[in-house]
Amino acid sequence: MKLLIPSATGIEAVVKRQLADLGYHDTRAIYGRIAVPDCAWRDVARLNMFLRSGERVLINLAQFEAKDFDALYDGIRSVCWSDWISKQGRIVVVTKSVRSLLSAHHSIQSVGKKAIADVLLGRYSELNEEGEEYRVELDITDDVCSVNLDTTGEGLHKRGYRTLPYDAPLKETTAAALIDLSVWNPDKMFSDIFCGSGTLPIEAAMKALHMAPGMHRRFAYEDWQCVAPDAHAVALEEARDARVERRLNIIGADVSERAIETARFHAMQAGVDGYIKFNVRRAQEFVTKSSYGVNISNPPYGERLGDLQTAIATASDMGKLYRTLDKWNFYFLTPLADFERHFGRRADKKRYIYNAGIKCSYYSFNGPKPTVKRL
Ligand SMILES: C[S@@+](CC[C@H](N)C(=O)[O-])C[C@H]1O[C@@H](n2cnc3c(N)ncnc32)[C@H](O)[C@@H]1O
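Residue numbers (the working numbering): 3 to 377.
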């Protein structure tokens, strides 16, 4: 099987690296998707269980040119759908069309569903669609249709721990990518001084403790009859074995009491509450005894005038704080234009990352490199 891992714009390289860490080296990024060849069901289970920043795990069932609806129908019909979908399967067809002649989503969806049903009716006497769900994605880009079966269900950012509502939280998959793009390792102090609902500190703790992000949730494939019977159980056992114990120095702070209550609850649900200290505190008042550390935050931002002025003042305050903690690395994800000018320093690195569909910059402000003792 060939698997495809959709990834948010700007973090494809992180997902490729996470795949390599899991032993998948022969991968290729194409249009925001990482292709992983030669996979089996155990790989589907492992990638759903362990990937921190991929959005979903799709099985690529077919790929063909589709410039008209006849070609689309024939291409979808070429898949032996009864190898995948049971008689009672509920089929949901979702569509994407980019730079292609076929672009009417509703028509692509109806043709897709009819082609799948026609194949299944050649094998089953009837279809009742009352059972488990199969989400089929028809992705038509440059007139080439990829037919993909989504094994994940709810996106991989849904780890299961973030259940309370909060304004503008970071996606868990994005938070994990920001951490991977930083110089943080579990021997260093970590802070997020605008932690909101706690996503960054929780993701940092989960990474440090080797906690598989998919351990406490279900995946669509778990309900399917076509899956190798022990695939999920083996991945779950690997996840239990991977967990390590260690001391961590992780801090989450926010000016809002509700944020900190929410973050504490989420940390408890994620099973990392014993590893993070949460405080109600203004970021401007952050003090620490740790001479080295890493802070990653997405500070408040809004387009209304008052919000914009606050965002600018906050950026300037963060520049001042950075200058008092000269051995720390600071990272900020923000859509604020001219952030570096307000911060008072050019970033050592700037990357573009999309957060909730908004183009943001991820700025790294480095501290000095740790000195290497000469022997
Ligand atoms: C964009 S949200 C962060 C969301 C967070 N990453 C999450 O995943 O939930 C910005 C946060 O900054 C907090 N905040 C605003 N001004 C602050 C300040 N001066 N000091 C500390 N926190 C502040 C807000 O209460 C809000 O929770």
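We put the beta carbon where it would ideally sit given N, CA and C, even for glycine.
1. Within 10 angstroms of the Cβ of P167, are there 16 or more other Cβ atoms? Answer buried if so, exposed if not.
2. Return the residue from the list L122, L5, G295 that minimises the CA-CA distance to D28.
3. Given a cut-off of 7 Å on the beta-carbon distance, is the pair V46 and T153 in contact?
4. In chain order, what residues of the same chain lie with their CB nearer than 8 Å to the CB of N50, ignoring the 5 residues before and after it?
5. Taking contact to mean 3 or more Cβ pairs, one atom from each stretch, closer than 8 Å, check whether the segment 359-366 and the segment 320-339 are in contact.
6. Just tell me which of R348, N357, A64 has its CA closest to the CA of F367.
7. Could you check how far apart the C-beta atoms of K116 and I93 are, in whole angstroms? I think they sit under 8 Å.
8. Quick check: the Cα distance between L63 and H268, rounded to an integer number of angstroms?
9. Could you have a look at L338 and say whether DSSP puts it in helix, strand or coil?
10. Could you give the uninterrupted runs of the alpha helix (DSSP H) lying entirely in the segment 191-237, keeping only those of 4 residues or more?
11. Using DSSP with H/G/I as helix, E/B as strand and the rest coil, what is D189?
12. Going by the beta-carbon positions, is the gap between F192 and I252 smaller than 7 Å?
13. Beta carbon of F196: closer than 6 Å to some heavy atom of ligand 1?
14. Looking at C-alpha atoms only, which residue of R249, T143, V121 is the closest neighbour of R101?
15. Between N260 and ligand 1, is there a pair consisting of the residue's CB and a ligand heavy atom that are separated by less than 6 Å?
16. Out of L250, S99, G321, point me to the one whose CA is closest to D275's CA.
17. Taking buried to mean at least 16 other C-beta atoms within 10 Å of its own C-beta, is E139 buried or exposed?
18. What three-state label does DSSP hand K322 in the structure shown?
19. If I'm right that L21 touches I32 with Cβ under 8 Å, what's the distance once you round it to whole angstroms?
20. Go ahead and pull the three-state DSSP assignment for T175.
21. Between the Cα of Y126 and those of C147, S148, W86, F196, spot the shortest distance and give me the residue it belongs to.
22. Could you give the DSSP three-state label for N300: helix, strand or coil?
23. When the Cα of L103 is compared with those of Q111, A10, K69, D350, which residue comes out closest?
24. Starting from the C-beta of I314, find all residues in its chain whose C-beta is less than 6 Å away, skip the five residues before and the five after it, and write them out in chain order.
25. Answer yes or no: do Q65 and G133 have a C-beta to C-beta separation smaller than 7 Å?
26. My output table needs one value for D256: the three-state DSSP class, helix, strand or coil.
27. Give the DSSP-derived three-state secondary structure of Y33 in the structure shown.
28. Assuming A285 and A255 are in contact, meaning their beta carbons sit under 8 Å apart, how far apart are those beta carbons, in whole angstroms?
The short version:
1. In the sequence shown, the residue the question calls residue 167 occupies position 165. It counts as exposed.
2. Working through the sequence shown from its first residue, we reach residue 28 at position 26. The residue with the shortest Cα to Cα distance from D28 is L5.
3. Locating residue 46 in the sequence shown gives position 44, where the first residue counts as 1. Locating residue 153 in the sequence shown gives position 151, where the first residue counts as 1. Cβ atoms of V46 and T153: closer than 7 Å.
4. Here residue 50 refers to the residue found at position 48 of the sequence shown. V59, T153, T154, L158, G216, F221, Y223, A237.
5. yes
6. Position 365 of the sequence shown holds residue 367. The residue with the shortest Cα to Cα distance from F367 is R348.
7. Here residue 116 is taken as the residue at index 114 of the sequence shown, counted from 1. Here residue 93 is taken as the residue at index 91 of the sequence shown, counted from 1. The Cβ separation is near 11 Å, so there is no contact.
8. Sequence index remark: in the sequence shown, residue 63 carries index 61 (1-based). Sequence index remark: in the sequence shown, residue 268 carries index 266 (1-based). Cα to Cα, the separation comes out at about 37 Å.
9. On the sequence shown, position 336 is the one that residue 338 refers to. Coil.
10. 201-210
11. Working through the sequence shown from its first residue, we reach residue 189 at position 187. Correct three-state label for D189: coil.
12. On the sequence shown, position 190 is the one that residue 192 refers to. On the sequence shown, position 250 is the one that residue 252 refers to. Yes; because the gap between Cβ atoms is below 7 Å, this pair is in contact.
13. Looking up residue 196 in the sequence shown gives position 194. True, at least one ligand heavy atom lies under 6 Å from that Cβ.
14. Locating residue 101 in the sequence shown gives position 99, where the first residue counts as 1. Taking only the C-alpha atoms, the option nearest R101 is T143.
15. The sequence position of residue 260 within the sequence shown is 258, counting from 1. Before going on, a small fix: residue 260 reads as Arg here, not Asn. Flag unset: Cβ of R260 not near ligand 1.
16. Mapped onto the sequence shown, residue 275 falls at position 273. Ranking the options by Cα distance to D275, first place goes to L250.
17. Taking the first residue of the sequence shown as position 1, residue 139 is located at position 137. By the 10 Å Cβ count, E139 comes out buried.
18. Working through the sequence shown from its first residue, we reach residue 322 at position 320. It is helical.
19. For the purposes of this step, residue 21 is identified with residue 19 of the sequence shown, where counting begins at 1. For the purposes of this step, residue 32 is identified with residue 30 of the sequence shown, where counting begins at 1. Their Cβ separation, rounded to whole angstroms, is 14 Å, which puts L21 and I32 out of contact at 8 Å.
20. Translated into the one-based positions of the sequence shown, residue 175 becomes position 173. Helix, per DSSP.
21. Along the sequence shown, one-based indexing puts residue 126 at 124. The shortest Cα separation from Y126 among C147, S148, W86, F196 belongs to W86.
22. What you label residue 300 is simply residue 298 of the sequence shown in a count that begins at 1. N300 falls in the coil class under three-state DSSP.
23. By 1-based counting over the sequence shown, the position of residue 103 is 101. Of the candidates Q111, A10, K69, D350, the one whose C-alpha sits nearest the C-alpha of L103 is K69.
24. By 1-based counting over the sequence shown, the position of residue 314 is 312. These residues qualify, in order along the chain: H344.
25. Here residue 65 corresponds to residue number 63 of the sequence shown, with the count starting at 1. Here residue 133 corresponds to residue number 131 of the sequence shown, with the count starting at 1. Against a cut-off of 7 Å, the Cβ pair of G133 and Q65 comes out as no contact.
26. Position 254 of the sequence shown, counted from the first residue, corresponds to residue 256. In this structure, D256 counts as strand in the three-state DSSP scheme.
27. Numbered from 1 along the sequence shown, position 31 holds the residue referred to as residue 33. Three-state result, Y33: coil.
28. As a first step, residue 285 must be located in the sequence shown, where it is residue number 283. As a first step, residue 255 must be located in the sequence shown, where it is residue number 253. The Cβ separation is near 7 Å, so the contact holds.
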